[in-house]
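Here is the structure we will look at, set down as structure tokens.
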Amino acid sequence: MAEKGHVMIMEHPLIQHKISMLRDKRTGTNEFRKLVEEIAAMMGYEALRDLPVEEMEIETPIEVCRTPFIAGKKLALVPVLRAGLGMVSGLLTLVPSARVGHVGLYRDPVTHEPHEYYCKLPEAIGERTILILDPMLATGGSAVAAVDFVKRQGGHNIKFLCIIAAPEGLKRLTGAHPDIDVYCGHLDRCLNERAYICPGLGDAGDRIFGTK
């Protein structure tokens, strides 16, 4: 993608199949966690399509040649705590050298608005491609806040990856930050009165970590 500010809804059958398995309330913690990792890796493959490359000289068993390697500073993965942690290992299978930062947010149970309690990013964040990771894009408050924090520390080449999203959250995120790319595994129907995504998959953090 040459220009920023795109929204991509994943339509690959494998991603959709695995999201359907995530939704099933019978899916246990171990399987749920593995599915999140697998989906994140498949989404990352698409999201990293435009990573910059440079040609370097190597010697194959046959001859010397120039061949492409990823250029510039290492990729930065920034999961939104805690559910975003479940997506990190999937991305690291693609780019094991990526640096990992963290943004910690909690949602007010009454207003549903996010509050920051932790933000730690890799050095030289302004020179890196940044993937902000959160399985759920519900109201959009946490996503907007996470992007705000990253920008405040100098990040600008930002992509946001979520597994499922509500239309309300997607609209809020793209409205607040029209300059970032958003990759979404599936766009669901709506939010309910408790600000949960419908049909959704429940609380991603609880299902990844086996908590209630």
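Quick note on our numbering: the sequence shown kicks off at 1 and runs consecutively. Beta carbons: idealized from backbone N, C-alpha and C, even for Gly.
Status (buried if at least 16 other CB within 10 Å, exposed otherwise) for residue i
i              : result
valine 64      : exposed
methionine 43  : buried
methionine 56  : exposed
asparagine 157 : buried
histidine 6    : exposed
glycine 101    : buried
valine 103     : buried
aspartate 24   : exposed
proline 122    : buried
Limits of the beta strand (DSSP E) - the one that residue i falls within
i             : result
aspartate 181 : 181-187
proline 122   : First-last for proline 122: undefined, no H or E at that position.
methionine 8  : 7-9
leucine 133   : 130-133
leucine 201   : Taken as a continuous stretch (DSSP letters only), leucine 201 belongs to no beta strand (DSSP E), as it is neither H nor E.
8 angstroms Cβ cutoff met for residue i and residue j
i             : j              : result
leucine 22    : leucine 201    : yes
arginine 172  : valine 144     : yes
alanine 41    : threonine 93   : yes
serine 89     : lysine 74      : no
glycine 185   : isoleucine 208 : no
isoleucine 70 : leucine 51     : yes
proline 135   : valine 53      : no
DSSP-derived helix/strand/coil call for residue i
i             : result
isoleucine 62 : coil
glutamate 31  : helix
leucine 48    : coil
histidine 191 : In the sequence as displayed, the identity of residue 191 is leucine instead of histidine. Here leucine 191 sits in strand by DSSP.
Sequence-distant residues of its chain with Cβ nearer than 6 angstroms to residue i (five each side left out)
i             : result
proline 61    : none
valine 95     : Leu75
methionine 8  : Tyr183
isoleucine 19 : Gly185, His186
Same chain, Cβ closer than 8 angstroms to residue i, five either side skipped, listed in chain order
i           : result
lysine 159  : Ala47, Thr129, Ile130, Leu131, Ile132, Ile180, Asp181, Val182, Tyr183
tyrosine 45 : Leu94
Where the alpha helix (DSSP H) through residue i begins and ends
i          : result
lysine 18  : 13-23
lysine 159 : Premise fails: lysine 159 lies in the beta strand (DSSP E), 158-165, not in any alpha helix (DSSP H).
Beta carbon proximity, residue i to chain B, threshold 8 angstroms
i           : result
glycine 205 : Protein chains in the displayed structure number just one, and chain B is not present.
Beta-carbon contacts of residue i that lie in its chain and below 7 angstroms, excluding the five residues immediately before and after
i            : result
glutamate 38 : Lys18, Gly90
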